[in-house]
Structure formats: structure tokens, C-alpha cells
Amino acid sequence: MNKNEFENRIKELELELSNLKSEIIVDKQMEVMLRESESSLQNSQKIAKMGSWELDLINQKVKWSENCFVIYGLKPFEIEPSFEYFKSRIHPDDLHLVDDAFENIVRYKLPNTSEMRIIFPDATFRWFQNNMIPVFKDDKLFALKGINLDITELKKSEESLKSINERFNLATVAASISVWEHDFITDIIQIDNNFNKIFGNTQGNYQIEFNEFIKFIHPDDIEIIKTNIEEAIKSDKNVDFEFRIIRPDGDIRNISAYGKITKDNTNKPIKFIGVNMDISESKKAELALKENEIKLRQLNADKDRFISILGHDLKNPFNNILGFSGILTDEIESLNNEEIKDIAKNINKSAHIINKLLEEILLWARTQQGKIPFKPQILNFRDICNNIFEVLKPNADAKNITIDFSTGDHINVFADVDMFKAVLRNLVSNAIKFTNAGGTISITANQTDSNITISVSDNGIGIAPHNLMKLFEMAEVSTTKGTAEETGTGLGLLLCKEFVEKHGGKIWVESEVGKGSDFKFTLPVFSRLVDAINN
Numbered sequence: 030m031n032k033n034e035f036e037n038r039i040k041e042l043e044l045e046l047s048n049l050k051s052e053i054i055v056d057k058q059m060e061v062m063l064r065e066s067e068s069s070l071q072n073s074q075k076i077a078k079m080g081s082w083e084l085d086l087i088n089q090k091v092k093w094s095e096n097c098f099v100i101y102g103l104k105p106f107e108i109e110p111s112f113e114y115f116k117s118r119i120h121p122d123d124l125h126l127v128d129d130a131f132e133n134i135v136r137y138k139l140p141n142t143s144e145m146r147i148i149f150p151d152a153t154f155r156w157f158q159n160n161m162i163p164v165f166k167d168d169k170l171f172a173l174k175g176i177n178l179d180i181t182e183l184k185k186s187e188e189s190l191k192s193i194n195e196r197f198n199l200a201t202v203a204a205s206i207s208v209w210e211h212d213f214i215t216d217i218i219q220i221d222n223n224f225n226k227i228f229g230n231t232q233g234n235y236q237i238e239f240n241e242f243i244k245f246i247h248p249d250d251i252e253i254i255k256t257n258i259e260e261a262i263k264s265d266k267n268v269d270f271e272f273r274i275i276r277p278d279g280d281i282r283n284i285s286a287y288g289k290i291t292k293d294n295t296n297k298p299i300k301f302i303g304v305n306m307d308i309s310e311s312k313k314a315e316l317a318l319k320e321n322e323i324k325l326r327q328l329n330a331d332k333d334r335f336i337s338i339l340g341h342d343l344k345n346p347f348n349n350i351l352g353f354s355g356i357l358t359d360e361i362e363s364l365n366n367e368e369i370k371d372i373a374k375n376i377n378k379s380a381h382i383i384n385k386l387l388e389e390i391l392l393w394a395r396t397q398q399g400k401i402p403f404k405p406q407i408l409n410f411r412d413i414c415n416n417i418f419e420v421l422k423p424n425a426d427a428k429n430i431t432i433d434f435s436t437g438d439h440i441n442v443f444a445d446v447d448m449f450k451a452v453l454r455n456l457v458s459n460a461i462k463f464t465n466a467g468g469t470i471s472i473t474a475n476q477t478d479s480n481i482t483i484s485v486s487d488n489g490i491g492i493a494p495h496n497l498m499k500l501f502e503m504a505e506v507s508t509t510k511g512t513a514e515e516t517g518t519g520l521g522l523l524l525c526k527e528f529v530e531k532h533g534g535k536i537w538v539e540s541e542v543g544k545g546s547d548f549k550f551t552l553p554v555f556s557r558l559v560d561a562i563n564n
């Protein structure tokens, strides 16, 4: 080899050495990059609570990544991993999932994903998602590669969400709340099952066209719906309103609605979403509360009126008794027999007035307390009239008033005898009180298929039109004196009204000043009253 050849060879060797050094540097860089990649992968697996594995089906060898040990509750490389050990850690109820996964992979030659529970050394368990990928060679399955992902927290979140949804559904059902969404583009309302229950929608679908929805709305409230939608769009605020619906069975329900408008990025309204609540029962309770409040106010007014009557109507006769008895006490030695008799008569008269007043007051109080028994029976109308005539004949004779009851013996009434007598006695007594001497009173009864109408008419002084409507109202009770200065509490007509209505009838008066009055009341015939009592 000459000198030139030798030098050329040296240069070739130097070039090869340079190339070799370059390759070594590249390999070193690759090695570093690989280690960094592996470290990054391990860190990613730790963050994601994920582990990778590989099962060699030919040699039955298993490889786990470092984090695979960790997520199974083990120290890295603490044991020799095996498929049998993996199966021993699977929850007994989930073992079938492994067999199912293998069967699906062999049959369909596709990746498989399943969720199962892994039991930890401390006897607790966690949920894992097992993702398996088959590896084939010459169409023969020789390995499985996979990734196991700890999804326990996700499962807890799912269970929590499921529990929340169940409680929400239970709450909406219990509170009669429905959730809806009105799409302005399609004009279709998405509804839930509770909507169907509240609205009585028997079709059971979960969407309804707006025009179909409007058919449920009470005709007087349709404008409320449209106005509030317009207001929500215009103001861009939530709206809260009430309306009524009419169910297919005719039942009217009160609904409270709360909704808001959603818009697209061009500020165009696209949906109206919200909730409906059936507030019918609360409305009924509210109405009942208002009615009770009115009744309470009425009772208070009645009580005040009652006390006023006691004070006013008992004051005069008591003053008379006190006055006349005082005269007897102070001047009896100077009085002759006739004077003493007159004073005694006045005291006796005042005592009778007080006794009658107290009887009426006590009877009224007993009716308000519901302490008067109601025992209807078949009564002969003429017999009752005879009884009333005997009781009130002295009062009528004192004013030379004629009482006539032109009714046949065939008329029978089905009534409580004491209440029926009290009504007739009060009406006839009032007629005597407000009829001039020499007047007449007529008692009649007429029967139809459904009612018996009883009338007590007189040709007395009559009643002014503006007083007619006040006669049966507690707040308007007045004690007008009769044509012979007769007095009373004014409670008699109220008792008549109470007793007549107790029988399912009604009472009214027709009168003209100077020409007399005609008080009438009805009683249902026997069969209708029995039905009313039974119901």
C-alpha cells in the first residue's frame, strides 16, 4: 500500500468513526427521550388512576405497568402478576364479565370494554373500567393488551346524580310540579310525565304542540299565558304567573307557572323554559281560610249584636221591676190595695217579658252551638196549627184579631216538631204584634211534588222595602215595637231562618206598607228531606 492509499484509508476510517459517534449520540438521545416518554406515561397513568397490562396467551405471562400495581392497592412490583391473581380479586358478582369479554373478543375479534369491581386487601372494593384489545398473528389470537381505569369516583358521582334525580322526581311528584320547555322554532313543548298527570293528559306523550296545549287552558286565562310570554321576551326577566286549566274530565285546576326565556347568540328568543305547579289544594285552603275569616268576622259581629240586644231589650223591663219594687219598698204603707195591685201587675208583666226574652236568647245560643237535636217526623199540619192557635189565642183575643187556617187534614209535613212549632209560633206571634186591633191572620199550606209552601199572612202595618232584606240578618236585627207597644229581641226571625234551613227549605217575606205582610217558607216533601239527611 503506497502512501496515498494509506492516507485515503485513514480518512475513510476517520469518517466511519465520526459516523459511529453520531449514531451513538442519536442512540443516547433516543434513550433519553424513551425514558422521558415512559416517565411521562407513568405520570399520566398515576394522574388518571390508570394502569396498562399485557397478557401473553401463548406463554401465559402477564405484564403490569407500575401504576397497575398501585391502582390495585399494591406496592409497585410487590407480587408476580398473573391472570389467576387478577381473577381472584374480582368481585364474585362480576366474574361472569371476564368470561363474557373473552367470548366476545374471540367471536367478534373486536376490542371489549366492561366495568367491574376489584376487591382490595382491606376488603373494600373499587370500580374499574377494563379495556381489552385483541392481538392477532396469522388470524390467531395470541395476546391481549389493555388498560384498567379506576372509575370509582365517577361511579359515586353517577349514584349521587341518580339519587338526586330520584329525589327530584319524588319531590316534583309530591309537590305536583312539572318541568317543560317550549321551543319557539318548532312551537313544540317538551313535557314530563308529571305534566300529563297534572293536566290529565291521557295520551301519555312527552311533547305537545303549543296549539294543543292552549286547549287545556281556561278560556278566560288564555290571554294570561300569551301576555306573560310576551313580557318575558320583552323584559328578558323571569316571569311568575297563575292560570287555570280544564282537564278532559272537566275538572278545573289552578296552576302556578315560573319561566324564563333563552336566546341565541344573536339575541333571538329560541325557548321558553320553566315549571308548573298544581296549587289547586292550596287555593282551596286559601279560599277556605278566607271563608273562615268572613265567618269569624260575622260571628264577632253577631256576638257584639247579641250583647247589644241583651243590654237594650233587658234594660227596660228590669228598670220597670226595679222601679216598681222600689216604690213598694219605700211607700207600701201609704199605698192602697188597688195601687199595690197595679204595681204588682206591672212587675209581673215585666217579669214575663224578661222571661220571654231570655227564652229566645237561650234558644238562639243553643242553635249557634248546635245543641238542639234534629229529629224530623211526619206531622199533621192542622194539628200543629191547632196547637199554635191555643197558645197564641189570648194574644190575638186581646187585640180582637181573627186567626184562620184553611188547610185540609190531608197535608202532612216531615219536620222536627219543636222546630216546626217554633217557626209557626214566631211568625204568627209577629203577625199579631204588627196587626192592628180587629185585623185578620191567615195560615195556609200548598203542596207540590217537591215542596210544601207554608204562608202566614196578615193585613197589618206592613214593612218598608228597605227593611225587607234586613229581616233575616243578624247584623240588622232591630226591636221594633208592635201596634200595642209589644216588645221583643228581634231574634225570632233569625231562629225561623235557622230552623227552616235546617230542614233544607228557605224563608222569605212579601210586604207592602199599610197593606200587611206575607211570610212564606218551604219544607221538602218526605222523600227529598230523607235524601238530604242521608247525604
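Each residue of the sequence shown is one higher than the last, beginning at 30 in my numbering.
All residues carry an ideal CB built from backbone N, CA and C; glycine is no exception.
Contacts around I490, its chain only, beta-carbon distance under 6 angstroms, and the 5 residues preceding and following it disregarded: F463
Count the other CB atoms, across all protein chains shown, that sit within 10 Å of the CB of F149; report buried if there are 16 or more and exposed otherwise. With a threshold of 16 other beta carbon atoms within 10 Å, F149 falls short and is exposed.
Counting C-beta neighbours from all protein chains within 10 Å, is the total for S117 16 or more, i.e. buried, or is it exposed? exposed
Can you list, in chain order, the residues of its chain whose CB lies under 6 angstroms from that of S66, leaving out five sequence neighbours each side? Unreliable placement is indicated for S66, whose pLDDT of 47 sits below 50; the coordinate value is still reported in the next sentence. Excluding residues within five positions, none has a Cβ falling inside 6 angstroms.
So, do the stretch 397-408 and the stretch 359-377 have three or more beta carbon pairs nearer to each other than 8 angstroms? no
For H211, which of helix, strand or coil comes out of DSSP? strand
Buried versus exposed call for F550 [16 or more other C-beta atoms within 10 Å across all chains shown]: buried
State the CB to CB distance for the pair G80 and N177, rounded to an integer number of angstroms; the pair is presumed to be in contact (CB under 8 angstroms). 5 angstroms
Check D151 in the structure and name its three-state DSSP category. coil
Exposed unless 16 or more other CB atoms sit within 10 angstroms - verdict on F115: buried
Give the straight-line distance between the Cα atoms of E187 and N160, rounded to the nearest whole angstrom. 20 angstroms
Are the beta-carbon atoms of P163 and A172 separated by less than 9 angstroms? yes
Can you list the alpha helix (DSSP H) stretches of 4 or more residues lying completely in the stretch 369-440, in chain order? With a minimum length of 4 residues, the unbroken runs of alpha helix (DSSP H) contained wholly in the stretch 369-440 fall at 410-427.
Per-residue DSSP class, three states only, for F347: DSSP places F347 within a helical segment (H, G or I) once states are collapsed to three.
Would you grab the beta carbon distance between W209 and I218 for me? Rounded to a whole angstrom, and I think it's under 8 angstroms. 5 angstroms
Give the DSSP-derived three-state secondary structure of M145 in the structure shown. strand
Tell me whether M498 is buried or exposed, calling it buried when 16 or more other Cβ atoms sit within 10 Å of its Cβ. exposed
Have a look at F242 and I100 and give me their C-alpha separation to the nearest angstrom. Taking the straight line joining both Cα atoms gives about 54 angstroms.
Look at V446 and F548 and say whether their C-beta atoms are less than 9 angstroms apart. no
May I have the straight-line CA-CA distance separating T634 from S285, to the nearest angstrom? With the chain covering 30 to 564 only, the question about residue 634 has no answer from this structure.
Would you kindly work out how many angstroms separate the C-alpha atoms of D265 and H532, rounded to a whole number? 59 angstroms
Are the beta-carbon atoms belonging to T396 and I430 less than 9 angstroms from one another? Cβ atoms of T396 and I430: not closer than 9 angstroms.
Other residues of its chain near I372: CB distance less than 7 angstroms, five sequence neighbours each side excluded: Excluding residues within five positions, the ones whose Cβ falls inside 7 angstroms are F353, I356 and L357.
Quick check on the DSSP output: the beta strand (DSSP E) that includes F171 runs from which residue to which? K169 to D179
Can you tell which of I227, C414 and F239 has the C-alpha that lies nearest to the C-alpha of D280? I227
Is R326 buried or exposed, if buried means 16 or more other CB atoms sit within 10 Å of its CB? exposed
Pull up the DSSP beta-bridge partners for Y287, would you. D269 and V304
For the putative contact between I246 and F272, defined by C-beta atoms under 8 angstroms, what is the C-beta separation to the nearest angstrom? 6 angstroms
Apart from the five residues on each side of it in sequence, which residues of its chain come closer than 6 angstroms, Cβ to Cβ, to L126? Same-chain partners within the cutoff: S143 and M145.
Using three-state DSSP, classify K549 as helix, strand or coil. strand
Return helix, strand or coil for E541, following the three-state DSSP convention. strand
To the nearest whole angstrom, what separates the beta carbons of V457 and F449, a pair I think is in contact under 8 angstroms? That belief does not hold up - the Cβ atoms of V457 and F449 are roughly 13 angstroms apart, past 8 angstroms.
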